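Chains as they are written, first to last, in the working numbering: chain A, 5 to 375; chain B, 5 to 375.
What follows is a set of notes on a single structure, which appears directly below.
As structure tokens, then:
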């Protein structure tokens with residue numbers, strides 16, 4: 005069902021989108037400020053993907069860049085709409101709606117900025133079902149809708165159009181080069197598609213899922229009930245039905261570097277009881293890619309690996325990790341359409357240079373994990 | 005007067021364009037092969053800039069990249085026309101002619117490749133009057149015609165459009181980023197303008213000058229007369245009227261590195277008579293930027309600094325410099341429109357990070373130079 009999103013929803017959406025950012029995706033709180041500034045007391049129409057017309061013309065919008073840069077370089081807010089208008093002009097066709105390409109992190113908010121500025125509705129779906137570091141890591145592309153032509157806008161009004169045909173990796177490579185030369189952040193419109201394409205290639209209702217997750221965490225805190233139970237209950241009615249606690253501990257080491265336009269690194273989390281002897285390590289490229297417990301993989305991309313505050317369940321991004329933080333690490337299963345062989349080729353472990361095979365988080369052997 | 009260029013002219017044009025490349029500009033012999041392959045026994049119409057209609061629509065074409073890469077990566081030949089077509093499509097207007105943006109080096113040839121493929125005529129003018137390493141170093145830009153929108157094509161059919169408004173340096177910066185990510189070479193169409201713009205902003209008859217220089221050198225060799233006298237005589241009837249011999253010697257040291265998409269370095273030339281104690285050094289960024297004799301500047305960009313074979317006057321590019329070569333270094337004055345304060349701001353010494361002031365080669369104090 006279609007519904008109306010207002011400024012009052014944004015704090016919950018930001019919290020849920022940070023969780024789905026799995027450590028990366030950029031800070032949605034910055035995006036939230038951008039939406040609030042333009043939206044005022046109006047509402048944004050959110051369209052259910054099952055209800056849109058087959059020929060609805062949808063142009064998704066997003067920001068690209070290293071999250072570590074986004075924090076220091078707050079966009080003017082007009083760039084994503086400039087990217088959309090640039091692509092419309094190039095295609096000779098105006099959009100009927102926009103949509104996220106990535107429901108995790110700041111890219112949950114960018115289409116809302118566009119909607120608030122233009123009055124366009126937003127389709128409740130995306131192409132990552134979480135956050136990923138590269139523009140080619142999209143169910144859209146996996147199921148036949150390609151990113152080209154892509155329009156990219158910079159903060160000084162720069163406009164770039166990139167067309168690499170069906171080669172979405174080359175599109176990502178060239179757009180990343182432009183983004184680096186724009187200082188680390190670019191705004192994009194790409195993966196233009198019809199309503200029929202949305203139903204065939206997008207992960208449905210991920211924007212509303214992010215909102216519901218953020219709301220469930222807040223309500224549990226207000227009611228002094230477990231926010232972890234609230235997360236599990238919310239997920240149980242979605243395509244992300246399995247939740248597992250992977251580890252509880254204290255952040256004891258974080259290595260992070262911004263390189264080639266990405267934030268790459270690893271974090272070590274030590275057990276609360278040092279005598280247990282357990283070890284736990286996360287590796288990330290913008291987002292958390294793999295969780296190793298006592299050296300064994302207990303969750304791996306594209307499943308979600310989320311670090312949250314041990315008590316409040318507030319999601320923590322990789323750039324928010326600090327020595328001594330007490331955290332809980334959650335593993336969440338992704339929808340089946342993100343786990344097909346074609347999908348894993350685009351954004352499974354091998355796409356990140358990991359040698360481990362994908363094993364669904366709900367199937368990982370749990371012998372070494374306490375109940 | 006307009007005239008017809010045929011394949012028989014290409015060897016002379018390549019030689020003259022290499023001289024005007026002032027050490028850089030890419031190898032026109034590769035461009036010559038590309039033209040020959042497409043042209044066959046047909047001719048290309050070369051339009052005199054004084055005779056074209058005010059509303060003739062001209063789209064210049066070129067290759068960008070580090071000359072050291074161009075040698076290893078020969079283009080398919082269809083990319084420059086793809087760049088032109090991409091810009092035509094973007095502008096919604098078809099070109100009546102193409103034109104060089106750079107008469108030195110391979111970019112003397114690229115518009116001929118386009119002409120041979122499309123049947124378009126070529127305007128006998130350019131915006132550098134030599135070779136320069138950056139797309140923003142154009143008399144076009146200095147006198148008010150900007151490079152945006154620029155279309156860029158890659159060897160795998162990639163198409164990119166860059167629009168930075170009046171900011172040609174930002175255009176260069178972004179296009180360079182794409183070129184690097186395409187492996188070091190890109191083909192471009194930019195600085196679209198009218199016939200009236202050509203007369204106002206371009207350096208006239210530089211394509212025919214390159215051809216005449218190459219021809220004069222060849223004929224002098226055939227007639228066993230001095231090719232250096234032939235060069236001087238040819239230049240005397242052009243806007244490049246001053247020729248000075250800066251040094252004669254042997255190449256004794258060359259430092260060269262390809263960095264940030266450019267070939268940068270320096271060459272030391274030792275006197276033929278070591279007892280003279282003279283020193284001579286060239287510094288280059290793709291092209292020769294400054295000539296220092298006994299530590300004093302004797303020629304500096306934008307004047308031409310050309311290294312040629314000591315006997316045959318065959319021009320030698322920076323990548324062609326070899327230990328022990330006997331060479332003659334020539335300084336050639338550039339036209340007045342390349343020496344105005346606005347022009348020097350765009351491509352004078354300061355634009356290359358040199359602290360020396362521009363002094364016209366014909367005015368340099370010659371006390372230390374033997375007659």
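Positions of the beta carbon are idealized from the N, C-alpha and C atoms, including for glycine.
Model, not experiment: these values are computed from the prediction.
Taking a cut-off of 8 Å on C-beta distances, the region 111-128 of chain B touches the region 205-219 of chain B, as three or more cross pairs fall below it. Around residue 347 of chain B, the same chain offers 143, 146, 306 and 341 as residues with beta carbons nearer than 8 Å, after the five sequence neighbours per side are excluded.
Using a Cβ-Cβ cut-off of 7 Å, residue 189 of chain B does not count as an interface residue toward chain A, since no Cβ of chain A sits closer than that to its own.
Secondary structure note for residue 284 of chain A: its beta strand (DSSP E) is the uninterrupted segment 284-289. In this structure the region 187-205 of chain B does not lie against the region 173-193 of chain A, because fewer than three pairs of beta carbons, one per stretch, are closer than 8 Å. Rounded to whole angstroms, the Cβ separation of residue 335 of chain B and residue 294 of chain B is 11 Å, and the two are not in contact under 8 Å. Taking a 10 Å sphere around the C-beta of residue 337 of chain A, we find 16 or more other C-beta atoms and assign the residue as buried.
Residue 68 of chain A and residue 183 of chain A do touch by the CB rule: their CB atoms are close to 5 Å apart, below 8 Å.
For residue 240 of chain B, the secondary structure class from DSSP, reduced to helix, strand or coil, is helix. Setting aside the 5 residues that flank it on each side, residue 301 of chain B is surrounded in the same chain by 294, 295, 360, 363 and 368, each with a C-beta closer than 8 Å to its C-beta; the list follows chain order. The beta carbon of residue 18 of chain B sits closer than 8 Å to those of 32, 33, 35, 36, 112, 113 and 218, all from its chain and outside the five residues before and after it, given in chain order. Rounded to the nearest whole angstrom, the CA to CA distance from residue 213 of chain A to residue 320 of chain A is 18 Å. Counted as a single uninterrupted DSSP element, the alpha helix (DSSP H) harbouring residue 199 of chain A occupies residues 199-205.
Collapsing the DSSP output to three states places residue 191 of chain B in a strand. With respect to chain B, the C-beta atom of residue 178 of chain A has a partner C-beta closer than 7 Å.
Taking C-beta separations shorter than 8 Å and ignoring five residues to either side along the sequence, the partners of residue 353 of chain A in its chain run 293, 294, 304, 305, 359, 360, 361 and 362, following chain order. At a cut-off of 7 Å between C-beta atoms, residue 170 of chain B does not count as an interface residue with respect to chain A. Residue-level contact check: residue 162 of chain A touches chain B, since one or more beta carbons of chain B fall below 7 Å from its beta carbon.
The count of Cβ pairs closer than 8 Å, one atom from the region 103-110 of chain A and one from the region 50-70 of chain A, reaches three, so the stretches are in contact. For the set A:317, A:246 and A:193, the Cα lying nearest the Cα of residue 93 of chain A is the one of A:193.
Scanning its chain for C-beta atoms nearer than 6 Å, with the 5 sequence neighbours on each side dropped, one finds around residue 155 of chain B the residues 87, 90, 91, 165 and 193, in chain order.
Contact between residue 220 of chain B and residue 238 of chain B holds: their C-beta atoms lie close to 4 Å from each other, under 8 Å. Listed along chain B are 181, 182, 184 and 185, each with a C-beta nearer than 8 Å to that of residue 181 of chain A. Cβ contact annotation for residue 60 of chain B (same chain, cutoff 7 Å, sequence separation greater than five): 100, 101, 198 and 199, in chain order. With its beta carbon less than 7 Å from one in chain A, residue 167 of chain B belongs to the interface. The beta carbon of residue 152 of chain B sits closer than 7 Å to the beta carbons of 166, 167, 168, 169 and 175 from its chain, once the five residues preceding and following it are set aside; these are given in chain order.
The secondary-structure analysis by DSSP pairs residue 68 of chain A across a beta bridge with A:190. Listed along the chain, the chain B residues whose CB falls inside 8 Å of the CB of residue 174 of chain A are 160 and 162. Per DSSP, reduced to three states, the secondary structure at residue 143 of chain B is helical.
Under the three-state reduction of DSSP output, residue 274 of chain B falls in the strand class.
Secondary structure within the region 81-149 of chain A: not one fully enclosed beta strand (DSSP E) run of 3 or more consecutive residues is present. Between residue 53 of chain B and residue 272 of chain B the beta-carbon gap is near 40 Å, outside 8 Å, which marks them as no contact. Bridge partners of residue 56 of chain B according to DSSP: none are assigned. CA-CA distance, residue 225 of chain B to residue 49 of chain B, rounds to 29 Å.
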